[in-house]
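Novice:
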Amino acid sequence: MTEPTTDTFATPGDPGPPGPPSADRLRTWLAARVAYYLERAVDEIDHEAPLTSYGLDSVYAFSICGDIEDAFHLAVDPTLVWDHDSVAALAAHLAGVAAAATDSATDLGTNSH
Amino acid sequence: MSTGTSTITSTATDVDRLDGLLGDPWDAGNPTGFAALLEADEREEMHAESERVLDGYGLNAEFVPVGLGGRLAQVDRLVQVMRAVWRRDPCLGLGYGASSFIASVNVWSAGDERQRREVADLLLANRKVASAYHELAHGNDFSRAEFAAVRDGTGWRLDGRKEVVTNLRRADALVVFARTRPDPGSRSHAQFLVPKAGIPEGALRYLPRFPSSGMRGVQLGGAVFNGCPVPGDALLGDEPGRGIETALSSFQLTRSALPSMCVGVVDTGLRAALASALDRRLYGGAAADLPYVRAVIGRAQADLLAADAFATVVTRALHVLPEETGVSAPAVKYLVSRLLIDAMDELRTVLGARAYLRDGPFGVFQKLARDLAPAGFAHVSRAACQVTILPQLPRLARRAWFEGGPAPAGLFRLGGDLPPLDFGALRPGAPRSDGLSGTLVETAETCSDGVVGRFAARFRDELDRLRRDCAALGPRDLTIDARPEAYALAGRYTVVLAAAACLGVGRHGRDGLGDLDERWLPAALDRLDRRLGGPPVLTEPERRDLEEAMFRLARERHDGRRLLDLTGRAVRG
Ligand SMILES: Cc1cc2nc3c(=O)[nH]c(=O)nc-3n(C[C@H](O)[C@H](O)[C@H](O)COP(=O)(O)OP(=O)(O)OC[C@H]3O[C@@H](n4cnc5c(N)ncnc54)[C@H](O)[C@@H]3O)c2cc1C
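Right, dumping it as structure tokens:
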């Protein structure tokens with residue numbers, strides 16, 4: 000499994016192995032993404048701090064939502080980041096969405112894309 | 000909200016009726032003609048007689064969805080009606096009409112049934128609703144708006160200033176954009192629907208009118224709210240915090256429709272320039288015989304058609320591809336306003352001194368040029384539109400361009416019926432697809448011959464370049480602090496989208512264009528291409544021929560009393 004590194008990347012990064020991502024894996028991935036947009040080191044990102052306190056405005060919020068969709072094939076509401084305004088809150092919310100999406104996809108006998 | 004499927008729609012007959020009521024604007028004896036409109040402008044007043052005619056026609060019904068008793072079913076048709084007003088007097092276009100439209104879209108998209116009913120009833124009774132967003136201290140940066148709404152029992156109290164707001168004083172109700180909590184971010188604002196009737200003495204103080212160089216008849220007002228109480232049900236939406244979301248959704252409509260209305264302004268500007276050039280005798284002939292003058296007029300005609308094609312296609316996309324208008328609507332605001340303002344500037348040279356005179360048969364030109372200027376900055380500035388588009392580009396480059404399919408052909412069939420407008424489908428955020436660019440790529444693949452084929456290849460190559468350049472944009476370049484080079488990419492992308500719209504209309508929309516000379520398409524594409532720079536697609540003789548063809552088109556339309564836009568609709572003058 001290749002977790003995203005602290006390197007910056009212009010593409011959304013490797014989401015890891017198939018299957019619903021755990022909240023932990025999502026946290027690491029999201030923190031790396033936030034660090035990328037802020038051009039800061041990933042260990043400077045406080046998982047509990049409101050993203051707006053970093054000056055992460057609506058513009059970045061849409062970009063992060065797009066990245067989540069592209070990396071995890073989850074359809075997310077574009078205003079998601081406005082409502083779950085920290086790495087931890089967002090990861091917890093997304094883990095739930097991912098698990099639900101996988102369940103319903105399994106029910107239908109399809110993959111989660 | 001869906002507008003339902005009722006059959007009462009704005010048809011050509013509605014526009015014709017309105018044009019008939021307003022008469023031939025060039026007729027000096029017409030009480031609602033240019034002579035009377037210019038006099039009102041000199042007095043810095045709205046033209047009262049024209050407002051009475053618009054009341055009689057019930058223009059506001061164009062803004063009210065069919066489901067609420069109005070005539071709004073298709074945005075492109077609303078625009079056709081509004082062009083009939085804007086081509087005569089942008090002060091009426093904005094100050095009688097479009098400002099209520101801007102306010103009302105907030106309510107159609109976020110209001111509850113009672114609020115929608117209230118605004119529909121006001122508009123259908125010829126009343127005005129003002130859209131109070133702007134604070135001088137914050138300009139385009141409305142996420143920092145300070146005007147405050149604070150909870151007070153079951154209601155709210157409003158405190159703060161709103162400035163340079165159309166009809167603030169004479170409107171019967173206001174849609175006020177206010178901060179509902181101090182936190183930064185995008186969940187700290189809301190809109191309130193505030194009927195004037197409920198406001199107690201002293202809670203609202205009006206500021207003097209803001210003097211302006213154009214739109215001089217429009218009441219650009221300001222107000223200070225001082226603990227102004229409003230009931231709890233004045234809030235638009237179920238909960239506070241939805242204000243920015245509502246603005247980003249509903250303004251997709253206004254940011255595409257208003258620039259499209261302004262096509263009517265250049266229609267008159269071009270007509271004035273042409274009439275002047277035909278009438279003016281110089282060097283033993285008419286000014287219109289001079290090749291330079293013919294070229295300028297031909298180019299302005301091509302600009303007008305390019306602007307029309309792009310703006311009209313995107314207003315149709317609100318119905319067909321609402322998931323993409325978060326990008327294409329600001330693209331229209333950015334590019335179409337520029338195309339139109341530049342065209343007016345070029346035409347100024349054809350009129351010479353007459354473009355400078357404030358009365359006489361061509362006095363209308365200077366007024367229209369002044370009135371058109373706010374198209375580039377009012378409601379939202381062109382630069383702010385670039386910043387809206389910019390962060391979307393890396394993702395579009397990565398997953399949409401050259402990947403997704405073309406837009407549905409019906410999008411481009413101008414004049415054709417559309418599915419109902421679904422306000423709920425207009426969302427902020429990052430589009431996943433780009434049907435217009437898909438149409439460009441498809442056209443480049445299937446049509447490789449002739450001049451149009453060369454242009455399709457040219458714009459396809461530009462999209463390819465954009466894909467490379469945008470995929471490489473760093474995080475800082477996606478924000479307000481982006482380098483000018485990054486801003487320029489957003490600008491180039493809007494040109495590619497406009498070209499795609501023109502190609503789509505050329506390909507799928509011929510039936511809607513009547514007898515329009517087919518050379519409109521390469522002429523419009525050439526004008527767009529010149530904005531990108533680079534090696535010309537046309538040889539000089541080819542360009543001269545196209546410009547001459549567009550001059551003749553303008554001349555025929557002018558002599559035959561038809562609009563210069565893609566509809567070519569017959570008018571009184
Ligand atoms: C005729 C008219 C009618 C109006 N009616 C109304 C109305 O009914 N209701 C209402 O609320 N307001 C109304 N306004 C106000 C109007 O919306 C504002 O004037 C406008 O949005 C803000 O313009 P500004 O130039 O002050 O903006 P600023 O934000 O101060 O912009 C100044 C300049 O800064 C740069 N800039 C701004 N933002 C960005 C960005 N994001 N990225 C890069 N550069 C940027 C641009 O070069 C811009 O031109 C009206 C204005 C006019 C002229």
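Order-wise, the sequence lines are chains A and B. When we follow numbering that gives the first Met the number 0, the leftmost residue of the first sequence carries the number 0, and every step to the right adds one. When we follow numbering that gives the first Met the number 0, the leftmost residue of the second sequence carries the number 0, and every step to the right adds one. Positions of the beta carbon are idealized from the N, C-alpha and C atoms, including for glycine.
Give a yes or no on whether 8 Å exceeds the smallest Cβ distance from Gly423/B to chain D.
Specialist: Absent here is chain D; the protein component of the structure consists of chains A and B.
Novice: Cα separation between Leu206/B and Arg491/B?
Specialist: 41 Å
Novice: Taking DSSP as the reference, what is the three-state secondary structure of Ser130/B?
Specialist: Reduced to three states, the DSSP call for Ser130/B is strand.
Novice: Measuring only from the beta carbon, is Ile479/B closer than 7 Å to any heavy atom that is part of ligand 1?
Specialist: yes
Novice: Met45/B and Gly94/B look like a contact to me (Cβ under 8 Å); what is the Cβ gap, rounded to whole Å?
Specialist: 6 Å
Novice: For Gln190/B, which residues does DSSP report across the bridge?
Specialist: Phe176/B
Novice: Assign Asp66/A to buried or exposed, taking buried as 16 or more other Cβ atoms, counted over all protein chains shown, within 10 Å of its Cβ.
Specialist: By the Cβ neighbour-count rule, Asp66/A is buried, with 16 or more other Cβ atoms within 10 Å of its own.
Novice: What residues of chain A sit near Thr348/B, judged by a beta carbon separation below 8 Å?
Specialist: Ordered by position in chain A, no residue passes the 8 Å Cβ test against Thr348/B, which lies about 40 Å from the chain.
Novice: The beta strand (DSSP E) with Glu162/B in it runs from where to where?
Specialist: 154 to 165
Novice: Taking the C-alpha atoms as reference points, what is the distance between Leu36/B and Gly362/B?
Specialist: 10 Å
Novice: Ligand 1 and Tyr132/B: does the residue's C-beta get closer than 7 Å to at least one heavy atom of that ligand?
Specialist: yes
Novice: Count the other CB atoms within 10 Å of the CB of Thr566/B; is the residue buried (16 or more) or exposed (fewer)?
Specialist: buried
Novice: If Phe146/B sits next to Ala109/B, beta carbons under 8 Å apart, how far is it from one beta carbon to the other, in whole angstroms?
Specialist: Beta-carbon to beta-carbon, Phe146/B and Ala109/B are separated by about 18 Å, too far to satisfy the 8 Å threshold.
Novice: In chain B, which residues lie less than 8 Å from Val33/A when you measure between Cβ atoms?
Specialist: None at all; the shortest Cβ gap to chain B is about 10 Å.
Novice: Look at Asp528/B and Arg464/B and say whether their C-beta atoms are less than 8 Å apart.
Specialist: no
Novice: Spell out the partners DSSP gives Cys227/B in its beta bridges.
Specialist: Leu157/B
Novice: Which same chain residues end up closer than 6 Å to His378/B when comparing Cβ atoms and leaving out the 5 residues on each side of it in sequence?
Specialist: Excluding sequence neighbours, His378/B sits near nothing in its chain.
Novice: Output the boundary residues of the beta strand (DSSP E) element that contains Asp42/A.
Specialist: Unbroken run through Asp42/A: none, as it is neither H nor E.
Novice: Is Leu356/B helix, strand or coil by DSSP?
Specialist: coil
Novice: Would you say Val58/A reaches chain B, if we count a Cβ-Cβ gap shorter than 8 Å as a contact?
Specialist: yes
Novice: Have a look at Leu122/B and Ala408/B and give me their C-alpha separation to the nearest angstrom.
Specialist: Each residue's Cα considered, the two are about 35 Å apart.
Novice: Return no unless some Cβ of chain A is closer than 8 Å to the Cβ of Glu134/B.
Specialist: No, its Cβ sits nowhere closer than 8 Å to a Cβ of chain A.
Novice: In the DSSP assignment, find the unbroken alpha helix (DSSP H) run with Asp576/B in it and report its ends.
Specialist: For chain B, the structure presents residues 0 to 572; residue 576/B sits outside this window and is missing.
Novice: Who are the neighbours of Thr478/B on chain A, taking C-beta pairs under 8 Å?
Specialist: What Thr478/B touches in chain A: Asp56, Val58, Tyr59.
Novice: Look at the Cβ atom of Lys127/B, then the Cβ atom of Ala170/B, and state whether they are nearer than 8 Å.
Specialist: yes
Novice: For ligand 1, any of its heavy atoms closer than 7 Å to the Cβ of Leu565/B?
Specialist: no
Novice: Is Thr165/B near ligand 1, in the sense that its beta carbon is under 7 Å from a heavy atom of that ligand?
Specialist: With a cutoff of 7 Å, Thr165/B counts as near ligand 1, since its C-beta is closer than that to a heavy atom of the ligand.
Novice: Suppose you measure from the CA of Glu134/B to the CA of Ala74/A; what does that come to, to the nearest Å?
Specialist: 36 Å
Novice: Would you check if the distance between the CB atom of Tyr53/A and the CB atom of Leu29/A is smaller than 8 Å?
Specialist: no
Novice: For Val244/B, which residues in chain A fall below 7 Å Cβ to Cβ?
Specialist: Rather than Val, the amino acid found at residue 244/B in this sequence is Glu. Here the neighbours are Thr78.
Novice: List the residues that DSSP assigns as beta-bridge partners of Val149/B.
Specialist: Arg156/B
Novice: I'd like to know if Trp28/A contacts chain B, where contact means its C-beta is closer than 8 Å to some C-beta of that chain.
Specialist: no
Novice: Comparing the C-beta of Arg381/B with each C-beta of chain A, is any distance below 8 Å?
Specialist: no
Novice: Secondary structure at Leu477/B, three-state DSSP: helix, strand or coil?
Specialist: helix
Novice: Sorry if obvious, but does the Cβ on Phe376/B come closer than 7 Å to a heavy atom of ligand 1?
Specialist: yes
Novice: Contact criterion: CB-CB distance below 8 Å. Does Ser185/B meet it with respect to chain A?
Specialist: Yes, Ser185/B lies at the interface with chain A (some Cβ there is under 8 Å from its Cβ).
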